[in-house]
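Student: Going letter by letter, the sequence shown gives residues 1 to 467 in the UniProt record's numbering. The beta-carbon is built from N, C-alpha and C at its ideal position, and this holds for glycine as well. On a predicted model such as this, the values are computed, not experimentally measured, just so you know.
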Amino acid sequence: MGKIEREIRPGEARSPAMTYQHLLERDGERPPGTLADESYRFLGDEDIPFARYTDRAFYDLEMERMWTRTWQWVCREEHIADVGDYYVYDIGKHSIVVVRTKEGIKGYPNSCLHRGTKLKPSHSEGWCEQLRCPFHGWTWTLEGELAQVPSRWDLPHVVDEAFRLPEVRIATWGGFVFMNMDPKAPDLLDYLDVLPDHAERSRLEDREVALHLQKELDCNWKVASEAFLEAYHVRETHPQLLIANGGEVGQYDVYGPHLNRVISPNGITSPDLPRSVTEQERAEAMLSGNSGPGEPVHVPEGMTARQVMADIYRKGLSAEDAAATTAGELLDTNGYLVFPASHFFLGLVLPIAYRIRPLDDRVDRALFEVIVLRKVKPGEAKAPPPEPVRLKVEDSYAEVPGMSPSFAQVMDQDTSIMAWQQEGFSASRKGEATLSNYQEVRIRHAHMTLDRYLAAQPGEPVDFSGL
Numbered sequence: 001m002g003k004i005e006r007e008i009r010p011g012e013a014r015s016p017a018m019t020y021q022h023l024l025e026r027d028g029e030r031p032p033g034t035l036a037d038e039s040y041r042f043l044g045d046e047d048i049p050f051a052r053y054t055d056r057a058f059y060d061l062e063m064e065r066m067w068t069r070t071w072q073w074v075c076r077e078e079h080i081a082d083v084g085d086y087y088v089y090d091i092g093k094h095s096i097v098v099v100r101t102k103e104g105i106k107g108y109p110n111s112c113l114h115r116g117t118k119l120k121p122s123h124s125e126g127w128c129e130q131l132r133c134p135f136h137g138w139t140w141t142l143e144g145e146l147a148q149v150p151s152r153w154d155l156p157h158v159v160d161e162a163f164r165l166p167e168v169r170i171a172t173w174g175g176f177v178f179m180n181m182d183p184k185a186p187d188l189l190d191y192l193d194v195l196p197d198h199a200e201r202s203r204l205e206d207r208e209v210a211l212h213l214q215k216e217l218d219c220n221w222k223v224a225s226e227a228f229l230e231a232y233h234v235r236e237t238h239p240q241l242l243i244a245n246g247g248e249v250g251q252y253d254v255y256g257p258h259l260n261r262v263i264s265p266n267g268i269t270s271p272d273l274p275r276s277v278t279e280q281e282r283a284e285a286m287l288s289g290n291s292g293p294g295e296p297v298h299v300p301e302g303m304t305a306r307q308v309m310a311d312i313y314r315k316g317l318s319a320e321d322a323a324a325t326t327a328g329e330l331l332d333t334n335g336y337l338v339f340p341a342s343h344f345f346l347g348l349v350l351p352i353a354y355r356i357r358p359l360d361d362r363v364d365r366a367l368f369e370v371i372v373l374r375k376v377k378p379g380e381a382k383a384p385p386p387e388p389v390r391l392k393v394e395d396s397y398a399e400v401p402g403m404s405p406s407f408a409q410v411m412d413q414d415t416s417i418m419a420w421q422q423e424g425f426s427a428s429r430k431g432e433a434t435l436s437n438y439q440e441v442r443i444r445h446a447h448m449t450l451d452r453y454l455a456a457q458p459g460e461p462v463d464f465s466g467l
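Structure follows, in structure tokens:
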């Protein structure tokens with residue numbers, strides 16, 4: 001009898017070349033459970049309306065019902081290392097002052113309880129002994145207690161207990177300080193789902209900031225965030241990467257409502273490259289642009305580029321870590337989205353965090369931030385974080401001191417296309433985006449979570465059932 005072919009259901013198809021799990025088997029190493037884990041679900045194939053990226057009313061609803069109820073990272077703990085250090089986080093019309101106190105970390109709406117003046121400038125950081133309004137001098141302690149009211153004789157109706165600064169929720173994980181304006185939101189560790197377990201070996205809390213950059217973008221915040229949710233665009237946007245990036249061989253996972261992941265393999269050639277490539281070429285491509293360790297590489301006969309490159313990167317690890325670390329952990333891009341727009345790219349060499357948020361409270365402007373983390377030198381304390389480098393829309397990442405040329409090229413390619421996409425929304429007659437079932441599932445997952453927030457009336461719990 002002839003072989004009966006089973007019909008492939010939506011979402012089951014994978015790259016004909018191989019899957020990421022097949023690549024791990026070919027590596028011949030026992031990967032950690034975090035890489036061996038698969039958590040894909042088919043979430044449908046309906047189109048996504050472009051109005052979600054262009055409509056002011058939709059943006060305002062996001063600001064009212066989603067941004068005010070989600071956990072967002074504000075800064076690193078080393079930004080506010082000493083008592084009195086503060087950091088101002090702005091999101092749309094909202095502004096939050098996060099300050100280190102004797103007891104821990106507090107977060108307050110950045111508004112004086114007298115006549116509303118901002119206590120600290122937006123996007124600022126620094127040190128203060130107290131929180132003092134620059135208009136009339138009303139003053140609060142770092143713990144939020146009313147400390148001074150000029151001409152107090154004229155304000156007998158001001159009661160100290162009633163004029164404490166209101167607070168937002170603050171929590172920390174991995175050395176990052178998070179805030180949430182919703183007192184009823186789930187705890188941060190519950191919100192992060194499996195990420196703390198998956199990030200354990202990256203030891204984010206033990207690292208310091210090597211580089212902090214900010215880039216202004218002419219696009220909706222979701223356009224910017226979604227560019228980093230899939231590797232489907234690599235073949236067209238980053239053709240120089242095809243020699244040593246697997247492209248469609250990547251793996252996509254969705255977890256709870258606030259977390260999803262992509263693993264994009266390096267050290268193999270994309271199936272989209274129309275020529276054969278040697279292992280030597282792959283290894284050299286991984287080192288091009290000064291993005292690797294900076295030493296000559298030779299792939300001996302019988303070895304793969306992944307094996308050789310993994311051995312090179314192991315030289316920067318302790319003997320214990322090197323012996324227990326696989327090629328997948330060292331080489332592959334392992335990126336997580338924490339909804340709405342916090343991205344964590346885990347790694348044992350240089351972990352990276354992205355953050356995207358609306359800029360100037362506009363539907364078509366976004367601020368994209370990158371923080372690169374490095375290991376603290378043995379026996380030394382964490383260095384103070386460097387000042388962020390701010391780039392305008394027209395500026396290149398190559399202008400950032402210390403930026404790898406190859407990384408700058410990739411980032412320029414990524415962000416330059418975003419304005420084109422935003423402009424294309426208005427030019428479109430179709431009016432909707434069509435997503436692939438597997439490679440773009442993280443985009444759909446984020447939109448589904450967003451819809452749950454938008455459907456919840458203020459004060460009502462968000463229903464995440466089935467997500």
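Taking one C-beta from the region 305-321 and one from the region 116-136 each time, how about it: are there three or more such pairs within less than 8 Å?
Tutor: The answer is no - the region 116-136 does not touch the region 305-321, with fewer than three Cβ pairs under 8 Å.
Student: Using DSSP with H/G/I as helix, E/B as strand and the rest coil, what is residue 286?
Tutor: Residue 286 falls in the helix class under three-state DSSP.
Student: Beta strand (DSSP E) containing residue 368: first to last residue?
Tutor: Element bounds for residue 368: 366-375.
Student: Sorted by chain position, which residues of the same chain lie with C-beta nearer than 6 Å to residue 65's C-beta, five sequence neighbours on each side aside?
Tutor: Counting only Cβ-Cβ distances below 6 Å, and skipping sequence neighbours, we find 453 and 454.
Student: Decide yes or no for the touch test of the region 246-257 against the region 7-22: beta carbon pairs closer than 8 Å, at least 3 of them.
Tutor: A contact exists between the region 246-257 and the region 7-22.
Student: Can you list, in chain order, the stretches of the beta strand (DSSP E) that have 3 or more residues and sit fully within the region 214-302?
Tutor: As far as the region 214-302 is concerned, its whole beta strand (DSSP E) runs of at least 3 residues are 251-254 and 259-264.
Student: May I have a chain-ordered list of the alpha helix (DSSP H) segments no shorter than 4 residues that lie completely inside the region 31-119?
Tutor: Complete alpha helix (DSSP H) runs here, min 4: 33-36, 51-54 and 56-65.
Student: When the Cα atoms are used, what is the spatial distance from residue 122 to residue 388?
Tutor: Cα-Cα distance, rounded: 15 Å.
Student: Thinking C-beta only, is residue 422 closer than 8 Å to residue 86?
Tutor: No, the Cβ-Cβ distance between residue 86 and residue 422 is not below 8 Å.
Student: Taking the alpha helix (DSSP H) that residue 426 belongs to, which residues open and close that run?
Tutor: Residue 426 -> alpha helix (DSSP H) spans 405-427.
Student: In this structure, does DSSP put residue 456 in helix, strand or coil?
Tutor: DSSP places residue 456 in coil when its eight states are reduced to three.
Student: Once DSSP output is grouped into helix, strand and coil, what is the label at residue 329?
Tutor: Reduced to three states, the DSSP call for residue 329 is helix.
Student: In terms of residue numbering, what span does the alpha helix (DSSP H) encompassing residue 309 cover?
Tutor: Residue 309 -> alpha helix (DSSP H) spans 305-314.
Student: Considering only C-alpha positions, which residue in the set 274, 51, 345 and 281 is nearest to residue 330?
Tutor: Among 274, 51, 345 and 281, the Cα nearest to that of residue 330 is on 345.
Student: Using the Cα positions of residue 376 and residue 179, report the straight-line distance between them to the nearest angstrom.
Tutor: Taking the straight line from one Cα to the other gives about 26 Å.
Student: Contact between the region 172-186 and the region 320-337: three or more CB pairs below 8 Å?
Tutor: The region 172-186, when compared against the region 320-337, does not touch it at the 8 Å Cβ threshold.
Student: Looking only at its chain, what residues have a beta carbon closer than 7 Å to the beta carbon of residue 283, apart from the 5 residues adjacent to it on each side?
Tutor: Correct list, in chain order: 297, 299, 305, 308 and 309.
Student: Since residue 148 is in the beta strand (DSSP E), which residue starts that stretch and which ends it?
Tutor: Counting along the chain, the beta strand (DSSP E) containing residue 148 begins and ends at 146-148.
Student: By alpha-carbon positions, which one of 359, 245, 390 and 392 ends up nearest to residue 332?
Tutor: Ranking the options by Cα distance to residue 332, first place goes to 245.
Student: Can you grab the Cα-Cα spacing for the pair residue 427 / residue 50, in whole Å?
Tutor: Approximately 11 Å between the Cα atoms of the pair.
Student: Assuming residue 468 contacts residue 29 under a Cβ cut-off of 8 Å, what Cβ separation, rounded to an integer in Å, is found between them?
Tutor: The chain is shown only over 1 to 467; residue 468 falls outside these bounds and no answer can be derived.
Student: Under a three-way DSSP split, which group does residue 450 fall into?
Tutor: Residue 450: helix per DSSP, three-state reduction.
Student: Just mark residue 8 as buried or exposed, buried being the case when its beta carbon has 16 or more other beta carbons within 10 Å.
Tutor: Flag for residue 8 reads exposed.
Student: How would you label residue 2, buried or exposed, when you count the other beta carbons within 10 angstroms and need 16 or more for buried?
Tutor: Residue placement at residue 2 is poorly supported in this model, since its pLDDT is 49, which falls under 50; the coordinates are not used for a value here.
Student: Check residue 339 in the structure and name its three-state DSSP category.
Tutor: Of the three classes helix, strand and coil, the one that applies to residue 339 here is coil, per DSSP.
Student: Below 8 Å on the Cβ atoms is my contact criterion, and I expect residue 209 with residue 371 to pass it. Report the Cβ-Cβ distance as a whole number of Å.
Tutor: At roughly 6 Å, the Cβ-Cβ gap stays under 8 Å, so residue 209 and residue 371 are in contact.
Student: Quick check: what's the CA-CA separation for residue 207 versus residue 75?
Tutor: The straight-line gap from Cα to Cα measures roughly 13 Å.
Student: Which same chain residues end up closer than 7 Å to residue 467 when comparing Cβ atoms and leaving out the 5 residues on each side of it in sequence?
Tutor: The answer, listed in chain order, is 257, 448, 449 and 452.
Student: If we count Cβ pairs, one from each stretch, closer than 8 Å, do we get three or more for the region 144-164 versus the region 186-193?
Tutor: Segments in contact, no.
Student: Assuming residue 348 and residue 374 are in contact, meaning their beta carbons sit under 8 Å apart, how far apart are those beta carbons, in whole angstroms?
Tutor: So it is not a contact: roughly 11 Å between Cβ atoms.
Student: Does residue 470 come out as helix, strand or coil in the three-state DSSP assignment?
Tutor: In this structure the chain extends from 1 to 467, so residue 470 is not present and cannot be described.
Student: How would you write the range of the beta strand (DSSP E) that residue 354 sits in, first residue to last?
Tutor: Start and end: 352-358.
Student: Could you tell me the alpha carbon to alpha carbon distance between residue 342 and residue 112, rounded to whole angstroms?
Tutor: Roughly 29 Å between the two C-alpha positions.
Student: Would residue 418 pass as a contact of residue 224 if the rule is Cβ separation under 8 Å?
Tutor: In this structure, residue 224 lies closer than 8 Å to residue 418 by Cβ.
Student: Expressed to the nearest angstrom, what Euclidean distance is found between the alpha-carbon atoms of residue 12 and residue 378?
Tutor: C-alpha separation (whole angstroms): 47 Å.
Student: Given this structure, state the Cα-to-Cα distance separating residue 366 from residue 302, to the nearest angstrom.
Tutor: If you take the alpha carbons of residue 366 and residue 302, they lie about 48 Å apart.
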